[in-house]
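K.L.:
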Amino acid sequence: MEIRQPIHSQHAKQLDTAGLREQFLIENMFQEGQINLTYSHIDRIIVGAAVPTDSAIMFEGGKEIGVDFFLQRRELGVINIGEAGLVIVDGETFEIGAREAIYVGMGAQDIRFESVMADKPARFYLNCAPAHHSYPTRKITREDASPEQIGSQENCNVRTIYKYLHPSVLPTCQLLMGMTELAPGSLWNTMPCHTHERRMEVYLYFDMSQDNIVFHYMGEPQETRHLVVRNEQAVISPSWSIHSGVGTAAYTFIWGMVGENQTFHDMDHVAMADLK
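Okay, here's the thing in structure tokens:
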């Protein structure tokens, strides 16, 4: 488990490209037969991926979280971006297909990830946050996530939002997760942009070919920076930072949020005229 410390906004604006990537970009999460995790001190979110092949992968923690088992004081959200897989929670098996999700509540002790077919593995993307209450474990389908289409062709941002872990779908302590799919020919997400001082956010970008990239815009609204992001890479976005992107082709991203509230539309909007 890699540990990332929080970065002050005044520090971040002085970083060069390599420094920004080292602090905010998560690369190489999805490795076959492995689970790879990054622990951010920003709201203590844990971000990672599990790609099981011919054997199950255990979700285990150690000294980094200082408890008897991983979810003793945490909750977990998982979205599968690969082929069909299995998530086994304390002996109960949930089959999670492509673009489906599962929420695992605080207190679950034995969590394992498997693929239905070893040569076509599941690719489980994980967000894990501190929790104070135990809610039931539940599978969430794309239909459960009540798809909502927004944007316009004129602004190159037609997209469908799926809210998997959201109060309108199921109760969680603080973790929110969802997925946004851009329509063919659409390139922009979250522009005009915003911040939300009450929550941090992590973006995972995927559905990108090897030759395509996303320019992820970050930083304070008057001190913007960017990261070049490739397929299956994630960006940690502090509460003081904007989080917006434009791609060289359409893409999909998963957003995860933790913080003070679960109000999806609680945003501090930034006027286009104020961006610098």
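What the sequence shown shows, in the working numbering, is residues 123 to 398, in sequence order.
Cβ atoms here follow ideal geometry from the backbone N, Cα and C, with glycine treated the same way.
It should be emphasised that the depicted structure is a prediction, and the values quoted were computed from it without experimental measurement.
1) Ignore the nearest five residues each way along the sequence and tell me which others in Met330's own chain have a CB closer than 6 Å to its CB.
2) Would you say Asp181 and Gln231 are within 8 Å of each other, going by their C-beta atoms?
3) Counting Cβ pairs closer than 8 Å, one from the segment 344 to 358 and one from the segment 143 to 152, do we hit at least three?
4) Locate the alpha helix (DSSP H) running through Leu159, then write down its first and last residues.
5) Distance, Cα to Cα, Tyr325 vs Phe375?
6) What does the Cβ neighbour count give for Thr215, buried or exposed, with the cut at 16 atoms within 10 Å?
7) With 16 as the cutoff for other CB atoms within 10 Å, does Gly381 come out buried or exposed?
8) Give every residue of the same chain whose Cβ lies closer than 6 Å to the Cβ of Asn383, excluding the five residues on either side of it in the sequence, and list them in chain order.
9) Could you give the distance in angstroms between the alpha-carbon of Val173 and the alpha-carbon of Ala395?
10) Would you kindly check if the distance between the Cβ of Thr294 and the Cβ of Tyr225 is under 8 Å?
11) Should the segment 164 to 178 be regarded as contacting the segment 241 to 248, the criterion being three or more beta carbon pairs within less than 8 Å?
12) Whose C-beta lies closer than 6 Å to the C-beta of Pro360 among residues of the same chain, with five residues either side of it excluded?
13) Let me make sure I understand the geometry here. Which of Glu345, His391, Gly369 has the alpha-carbon closest to that of Gln332?
14) Met340 by DSSP, collapsed to three states: which one?
15) Once the 5 residues before and after Ser131 are set aside, which same chain residues still bring their CB inside 6 Å of it?
16) Just verifying my parser: in three-state terms, what is the DSSP assignment at Ala372?
17) Would you call the CB atoms of Asn334 and Trp310 closer than 8 Å?
18) Is the beta carbon of Pro179 sitting closer than 8 Å to the one on Arg221?
19) Taking the alpha-carbon of Val211 as reference, which of Ala240, Ala371, Lys185, Glu197 has the nearest alpha-carbon?
20) Let me know if Met228 comes out buried or exposed under the rule of 16 or more other beta-carbons within 10 Å of its beta-carbon.
21) If the criterion is Cβ atoms closer than 8 Å, does the pair Ala251 and Arg195 meet it?
22) Please confirm whether any heavy atom of the ligand FAD lies closer than 7 Å to the CB of Ile262.
23) Taking only three categories from DSSP, how would you classify Met299?
24) Name, in chain order, the residues that DSSP records as bridge partners for Phe235.
25) Which value, in whole angstroms, describes the spacing of the CA atoms of Asp266 and Asp138?
26) Which residues bound the alpha helix (DSSP H) around Thr69?
P.N.:
In short, the structure shows the following:
1) Asn353, Tyr373, listed in sequence order.
2) The identity of residue 181 in the sequence shown is Phe, whereas the question assumes Asp. No, these two residues do not count as a Cβ contact at 8 Å.
3) yes
4) Premise fails: Leu159 lies in the beta strand (DSSP E), 157 to 162, not in any alpha helix (DSSP H).
5) 6 Å
6) exposed
7) buried
8) Same-chain partners within the cutoff: Arg320.
9) 43 Å
10) yes
11) yes
12) Scanning its chain for C-beta atoms nearer than 6 Å, with the 5 sequence neighbours on each side dropped, one finds around Pro360 the residues Ile164, Met322, in chain order.
13) Selected option, being the one with the closest Cα: Gly369.
14) strand
15) Hits under 6 Å: Glu342, Trp362.
16) coil
17) no
18) The question names Pro, but residue 179 in the sequence shown is Ile. For Ile179 and Arg221, no; Cβs fall outside 8 Å.
19) Glu197
20) buried
21) no
22) Here there are no bound small molecules, and the ligand FAD is not part of this structure.
23) strand
24) Phe235 has Ile179, Val209 as its beta-bridge partners, per DSSP.
25) 42 Å
26) Examination of residue 69 is not possible in this model, given that the chain is present from 123 through 398 alone.
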